[in-house]
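Residue numbers (the working numbering): 57 to 469.
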């Protein structure tokens, strides 16, 4: 099945957000009726996640008519579950460390405070953390219009997730700003690096990225909880392993949901900037409303508030988020530049120079009418076009070129 690339990006990001919202509801049910210890719940999801992710990966590796099940239904780049490559180890370790830190921070917040709901909305500011990191790398730096949209979505997300319960607590805010947000930022940035890697001359796939992330994250989470147990004299590690065996089935349901939510998230990271993907994924706040209403109806959580002030704040926040998300899709332009080289100039060096131009997403050397084909993605057509053309004209080895805008772009779903 083929679909326009722009639509595919939004489908992946929104699907990830939807599954995450449903999975959060399942998380609450398991925590209330099966694994009541917060730390045991967090660790058991990781421990159970290893065999569950392995089993899904092996099933996805089976072939039907010459193509794997995983390539057909989840990621066209997936060929089979494989051993991790040497160049993947460093970014995978950093991403897994971020995942472990984010998870431990989240469960620490839940265990320390009876109602952390007033500080958790500030975890949406992680979008700004990601923007700051992307801005260091000039090539991936968001444009001014993207930053404006990101700020709009962030503000809307905070309003949309605020509650009228709980209280502002400095310790809670410090956990959010210094532990939870940096952890998720590392996970997002380095999973994007992994997804954009070439493995055996083809795109890296999200299934293998997720499997090795679960494995590494579990090891790191065990290490962090072990240190906490030694310092605090608790036995959360033991309780976590025990819960993994005693409540394998409910923990498996959460692990399966997490697998699909994060695989779709990783795929979307391979298409768009991490900050934009995270901004769109903030729509979990919107999808969580019906989940909260259902859970409150069955008395699993406190009744959904119908306070007029609460509803107005939530409506304003969600409306702002929707406007910000819509603005991402406006004025995005793709184009190809067809280049002929002057005789005697090294193509490899010219390709490297072109690749460093902001807005360039790929450079290919070809045999035929043109020597190089360059793909670009920009938001402001006139201004972005002028900047790129000016830099192309300054490259000494280029003889002539022509620029063709893309009207529609399709990709295998």
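Cβ coordinates follow ideal geometry from the N, Cα and C atoms, glycine included.
For residue i, which residues of its own chain have a beta-carbon under 8 angstroms away from its beta-carbon, when the five flanking residues on both sides are left out?
i: residue 377; result: 208, 209, 212, 213, 216, 338, 339, 341 and 342
i: residue 87; result: 94 and 97
i: residue 418; result: 430 and 431
i: residue 246; result: 147, 148, 150, 151 and 154
DSSP puts residue i in a beta bridge; with which residues?
i: residue 459; result: 393
i: residue 333; result: In the DSSP output, where bridge partners are listed per residue, residue 333 has none listed.
i: residue 429; result: 394 and 420
i: residue 12; result: It is not possible to answer for residue 12, since the shown part of the chain is limited to 57 through 469.
i: residue 143; result: Note: residue 143 sits in no beta bridge, so no partner.
i: residue 236; result: Answer is none; residue 236 lacks a bridge partner.
i: residue 254; result: 259
i: residue 454; result: 397
i: residue 434; result: 389
Assign residue i to buried or exposed, taking buried as 16 or more other Cβ atoms, counted over all protein chains shown, within 10 Å of its Cβ.
i: residue 363; result: exposed
i: residue 306; result: buried
i: residue 323; result: buried
i: residue 379; result: exposed
i: residue 263; result: buried
i: residue 353; result: exposed
i: residue 444; result: buried
i: residue 70; result: buried
i: residue 450; result: exposed
i: residue 314; result: buried
i: residue 116; result: buried
i: residue 139; result: exposed
i: residue 127; result: buried
i: residue 257; result: exposed
i: residue 250; result: buried
Do residue j and residue i count as a contact pair if the criterion is CB distance below 8 angstroms?
i: residue 461; j: residue 389; result: yes
i: residue 333; j: residue 325; result: yes
i: residue 181; j: residue 206; result: no
i: residue 266; j: residue 124; result: no
i: residue 357; j: residue 84; result: yes
i: residue 243; j: residue 158; result: yes
i: residue 148; j: residue 268; result: yes
i: residue 113; j: residue 235; result: no
i: residue 165; j: residue 231; result: yes
i: residue 101; j: residue 311; result: yes
i: residue 448; j: residue 393; result: yes
i: residue 381; j: residue 336; result: yes
i: residue 293; j: residue 304; result: no
i: residue 237; j: residue 179; result: yes
Tell me the rounded alpha-carbon separation between residue i and residue j.
i: residue 331; j: residue 204; result: 12 angstroms
i: residue 299; j: residue 99; result: 9 angstroms
i: residue 432; j: residue 412; result: 12 angstroms
i: residue 189; j: residue 248; result: 13 angstroms
i: residue 272; j: residue 372; result: 40 angstroms
i: residue 163; j: residue 186; result: 22 angstroms
i: residue 297; j: residue 103; result: 7 angstroms
i: residue 403; j: residue 423; result: 12 angstroms
i: residue 420; j: residue 391; result: 14 angstroms
i: residue 302; j: residue 106; result: 16 angstroms
i: residue 154; j: residue 233; result: 13 angstroms
i: residue 459; j: residue 121; result: 40 angstroms
i: residue 142; j: residue 255; result: 11 angstroms
i: residue 434; j: residue 446; result: 15 angstroms
i: residue 72; j: residue 416; result: 27 angstroms
i: residue 61; j: residue 129; result: 16 angstroms
i: residue 463; j: residue 132; result: 23 angstroms
i: residue 284; j: residue 290; result: 8 angstroms
i: residue 317; j: residue 74; result: 8 angstroms
i: residue 469; j: residue 118; result: Bear in mind that a pLDDT of 49 at residue 469, under 50, signals an unreliable position, so the number given afterwards is only what the model happens to contain. Taking the straight line joining both Cα atoms gives about 19 angstroms.
i: residue 442; j: residue 414; result: 12 angstroms
i: residue 359; j: residue 76; result: 21 angstroms
i: residue 89; j: residue 144; result: 39 angstroms
i: residue 410; j: residue 202; result: 23 angstroms
i: residue 137; j: residue 91; result: 31 angstroms
i: residue 355; j: residue 309; result: 21 angstroms
i: residue 200; j: residue 349; result: 38 angstroms
Can you list, in chain order, the residues of its chain whose CB lies under 6 angstroms from that of residue i, leaving out five sequence neighbours each side?
i: residue 295; result: 93 and 96
i: residue 253; result: 260
i: residue 81; result: 347 and 351
Between residue i and the rest of its own chain, which residues show a CB-CB distance below 7 angstroms, the 5 nearest in sequence each way excluded?
i: residue 453; result: 397, 398, 401 and 406
i: residue 395; result: 426, 427, 428, 430, 454 and 457
i: residue 152; result: 269, 272, 273 and 276
i: residue 156; result: 273, 276, 277 and 280
i: residue 328; result: 65
i: residue 134; result: 116, 124, 126, 127, 261 and 263
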